[in-house]
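Everything on this sheet refers to the single structure shown next.
Residue numbers (the working numbering): 34 to 506.
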């Protein structure tokens, strides 16, 4: 303010300096949610880059505005700098806390504390640059009047802007979100992949000519040799399932289960592919579907362009040392979402069950990409999350007056089904209390009996309006 009075506006009021901090804080609060919304749409790096340019640019532009008018200083140092600060402040906090999900409070406190401690570093730098000889203020006006000191005031904004820009470039280079485990190539390009031969769990159809030609041999040994010539990427279980097609043309497990929605997913039956007694949930991965009629000429190009069913894969983990009800609540939160959205939702949950779900999801995605040839490891959505009671372990419980009693501790079993493609816009059925089992031809946009929350509300209101009182006329 002393520089403005001495060089620009001698009659300016000292009380106007309060607008510098007030407007900066106000703009920061208004812009902060906008930065969070843009970070979710275009990525946090673009938002942080714009924030750095606005903040350092506002300080650098003050070198020119302070020599013209006080209004210009308010525009550059308060509005532009405050907008830059609020634009990326919350975004940087969110990115930093992803590295330590269990210590979010400590990480946020360190960042906010470091922001406040910056004044302890920049204030001595400004003082040493503007007043290196420790010139005293005027005895009457209580302001600086030394010409050399006043000449250095505009240059200090160039110094501060350069320091801020250099530190921001270093921080921008080091800023990284927590990476996820490598789940294989995001795009698996093949001219003739194993998805063209079979599809596990209600998946893609195979070209009929290829399967018939491959499995039309009479001898079992020749048939096995032909099965070993299938394209790369087929797992051992998938090879056995395709080789067993002449004896069992198609395994109707998914169709039988869709017709019997009350059947248990955990019934143990003998696998036709492995010969072992396995859980029905795991046997979904052995389902082979009949091929479609090829479109156009019977060549590879027509098979590649043929529309296929979206792939599905099931995965389970048993005997989890966690509450069944708590795990079900977390699973209810992520079902019907894409895997990226599911990981984002679980990252904000501090419970142990969220970490369990993340691990099981990563295993299921890895299984889908490596053994079932899903093309993208992120274009997958969670169709089903089921939690059941596991085996019980007897334990002694010490009750009132030291009396011992036996109680069983039950473990939890987690079952997940993933489907390839984008999640449906409406997931939950209208009959919330009823049992429903998805079929292999479930459309991506939802079933006709599905509805949004507003649709369910209107149906319930209509049902309530049509009620009759027992004692009414």
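Just so it is clear, CB atoms sit at the ideal spot from N, CA and C, and this is done for glycine as well.
For residue 381, which residues does DSSP report across the bridge?
Taking the first residue of the chain shown as position 1, residue 381 is located at position 348. Bridge partners of residue 381: none, in fact.
Rounded C-beta distance between residue 441 and residue 351? I'm assuming under 8 Å.
Taking the first residue of the chain shown as position 1, residue 441 is located at position 408. Taking the first residue of the chain shown as position 1, residue 351 is located at position 318. Not confirmed; about 16 Å, so no contact.
DSSP beta-bridge partners for residue 345?
As a position in the chain shown, residue 345 is number 312, starting the count at 1. Beta-bridge pairing links residue 345 to 452.
Would DSSP call residue 500 helix, strand or coil?
Within the chain shown, residue 500 is the residue found at index 467, counting from 1. Residue state, collapsed to three classes: coil.
How many angstroms separate the CA atom of residue 105 from the CA atom of residue 453?
For this step, residue 105 is matched to residue 72 along the chain shown. For this step, residue 453 is matched to residue 420 along the chain shown. The straight-line gap from Cα to Cα measures roughly 56 Å.
Quick one: residues in its chain with C-beta nearer than 7 Å to the C-beta of residue 155, no 5 flanking neighbours on either side, listed in chain order?
For the purposes of this step, residue 155 is identified with residue 122 of the chain shown, where counting begins at 1. Counting only Cβ-Cβ distances below 7 Å, and skipping sequence neighbours, we find 193.
Give the range of the alpha helix (DSSP H) segment to which residue 66 is assigned.
Along the chain shown, read from residue 1 onward, the residue named residue 66 stands at position 33. Unbroken alpha helix (DSSP H) run through residue 66: 51-75.
Assign residue 48 to one of three DSSP states: helix, strand, or coil.
Numbered from 1 along the chain shown, position 15 holds the residue referred to as residue 48. DSSP places residue 48 in helix when its eight states are reduced to three.
For residue 398 and residue 133, what's the separation of their Cα atoms in angstroms?
Counted from its first residue, the chain shown places residue 398 at position 365. Counted from its first residue, the chain shown places residue 133 at position 100. Rounded to whole angstroms, residue 398 to residue 133 spans 23 Å at the Cα level.
Member of 147, 491, 137, 444 whose CA lies at the smallest distance from the CA of residue 426:
Within the chain shown, residue 426 is the residue found at index 393, counting from 1. Answer by Cα proximity: 444.
Which value, in whole angstroms, describes the spacing of the CA atoms of residue 100 and residue 151?
Indexing the chain shown from 1 puts residue 100 at position 67. Indexing the chain shown from 1 puts residue 151 at position 118. Going from the Cα of residue 100 to the Cα of residue 151 covers about 26 Å.
What number of angstroms, rounded off, separates the C-alpha of residue 89 from the C-alpha of residue 373?
Start at 1 with the first residue of the chain shown, and residue 89 comes out as number 56. Start at 1 with the first residue of the chain shown, and residue 373 comes out as number 340. Taking the straight line joining both Cα atoms gives about 34 Å.
Please report how far the alpha carbon of residue 10 lies from the alpha carbon of residue 184, in whole angstroms.
Not covered by the structure: residue 10. The range shown for the chain is 34 to 506.
I want to see whether chain C comes within less than 8 Å of residue 434, judged by CB atoms only; does it?
This model lacks chain C altogether, as it is built from one protein chain only.
Using the Cα positions of residue 239 and residue 344, report the straight-line distance between them to the nearest angstrom.
Reading the chain shown from its first residue, position 206 is the one you call residue 239. Reading the chain shown from its first residue, position 311 is the one you call residue 344. Bear in mind that a pLDDT of 33 at residue 239, under 50, signals an unreliable position, so the model cannot answer this.
C-alpha gap between residue 62 and residue 186, whole angstroms
For this step, residue 62 is matched to residue 29 along the chain shown. For this step, residue 186 is matched to residue 153 along the chain shown. If I take the Cα positions, the gap works out to 29 Å.
Suppose you measure from the CA of residue 77 to the CA of residue 169; what does that come to, to the nearest Å?
For the purposes of this step, residue 77 is identified with residue 44 of the chain shown, where counting begins at 1. For the purposes of this step, residue 169 is identified with residue 136 of the chain shown, where counting begins at 1. Taking the straight line from one Cα to the other gives about 47 Å.
Can you tell me whether residue 501 is buried or exposed? The criterion is at least 16 other CB atoms within 10 Å of its CB, across all chains shown.
Locating residue 501 in the chain shown gives position 468, where the first residue counts as 1. Answer is exposed; the Cβ neighbour count stays below 16.
Which residue marks the beginning of the alpha helix (DSSP H) containing residue 122, and which one marks its end?
Position 89 of the chain shown, counted from the start, is the residue given in the question as residue 122. Here the alpha helix (DSSP H) through residue 122 covers 114-130.
Ordered along the chain, which non-local residues of its own chain (more than five positions away) have a Cβ less than 8 Å from that of residue 65?
Translated into the one-based positions of the chain shown, residue 65 becomes position 32. So the list reads 119, 120, 122, 123, once near-sequence residues are dropped.
Using the Cα positions of residue 167 and residue 153, report the straight-line distance between them to the nearest angstrom.
Within the chain shown, residue 167 is the residue found at index 134, counting from 1. Within the chain shown, residue 153 is the residue found at index 120, counting from 1. CA-to-CA, the gap between residue 167 and residue 153 works out to about 19 Å.
Rounded to the nearest angstrom, what separates residue 53 and residue 111 at their Cα positions?
Residue numbering aside, residue 53 sits at position 20 when the chain shown is read from its first letter. Residue numbering aside, residue 111 sits at position 78 when the chain shown is read from its first letter. Approximately 5 Å between the Cα atoms of the pair.
Beta-carbon spacing of residue 103, residue 45 below 8 Å
Counting from 1 along the chain shown, the entry for residue 103 is found at position 70. Counting from 1 along the chain shown, the entry for residue 45 is found at position 12. Yes. Within cutoff.
Verify whether the separation of the beta carbon atoms of residue 384 and residue 359 is less than 8 Å.
Within the chain shown, the letter at position 351 stands for residue 384. Within the chain shown, the letter at position 326 stands for residue 359. Judged by their CB atoms, residue 384 and residue 359 are nearer to each other than the 8 Å cut-off.
For residue 209, count neighbouring Cβ atoms within 10 angstroms of its own Cβ and tell me buried if that reaches 16, exposed if not.
For the purposes of this step, residue 209 is identified with residue 176 of the chain shown, where counting begins at 1. Answer is exposed; the Cβ neighbour count stays below 16.
Whole angstroms is fine: what's the gap from residue 216's alpha carbon to residue 455's?
Residue numbering aside, residue 216 sits at position 183 when the chain shown is read from its first letter. Residue numbering aside, residue 455 sits at position 422 when the chain shown is read from its first letter. Caution is warranted here: a pLDDT of 39 is assigned to residue 216, below 50, making its placement in the model unreliable, and the coordinate value is therefore given only provisionally. About 18 Å.
Nearest neighbour of residue 37, chosen from 178, 117, 73 [CA to CA]:
Looking up residue 37 in the chain shown gives position 4. The shortest C-alpha separation from residue 37 is found at 178.
With C-beta atoms as the reference, is residue 451 less than 8 Å away from residue 401?
Counted from its first residue, the chain shown places residue 451 at position 418. Counted from its first residue, the chain shown places residue 401 at position 368. A contact, by the Cβ cut-off of 8 Å.
Does the distance from the C-beta atom of residue 162 to that of residue 189 stay below 8 Å?
Against the chain shown, residue 162 aligns to sequence position 129. Against the chain shown, residue 189 aligns to sequence position 156. Remark: C-beta atoms of residue 162 and residue 189 approach each other more closely than 8 Å.
Give me the Cα-Cα distance between residue 413 and residue 91, rounded to the nearest whole angstrom.
In the chain shown, counting from the first residue as 1, residue 413 sits at position 380. In the chain shown, counting from the first residue as 1, residue 91 sits at position 58. Each residue's Cα considered, the two are about 44 Å apart.
Ignore the nearest five residues each way along the sequence and tell me which others in residue 116's own chain have a CB closer than 6 Å to its CB.
As a first step, residue 116 is located in the chain shown; it is residue number 83 there, counting from the start. The residues 60, 64, 87, in chain order, have a CB closer than 6 Å to that of residue 116 in the same chain once the five nearest residues on each side in sequence are set aside.
Mapping the DSSP letters down to three states, classify residue 370 as helix, strand or coil.
Looking up residue 370 in the chain shown gives position 337. Residue 370 falls in the coil class under three-state DSSP.
Return helix, strand or coil for residue 195, following the three-state DSSP convention.
The residue given as residue 195 occupies position 162 in the chain shown. Reduced to three states, the DSSP call for residue 195 is helix.
Please return the same chain residues whose Cβ sits closer than 6 Å to the Cβ of residue 407, not counting the five positions on each side in sequence.
Within the chain shown, numbered from 1, the residue matching residue 407 stands at position 374. If we look at residue 407 and ignore the five residues flanking it on each side, its Cβ neighbours are 344, 401, 453.
CA-to-CA distance, residue 180 to residue 93, given in whole angstroms:
The sequence position of residue 93 within the chain shown is 60, counting from 1. The sequence position of residue 180 within the chain shown is 147, counting from 1. Those two C-alpha atoms are separated by around 22 Å.
So for residue 352, helix, strand or coil by DSSP?
Here residue 352 refers to the residue found at position 319 of the chain shown. Residue state, collapsed to three classes: strand.
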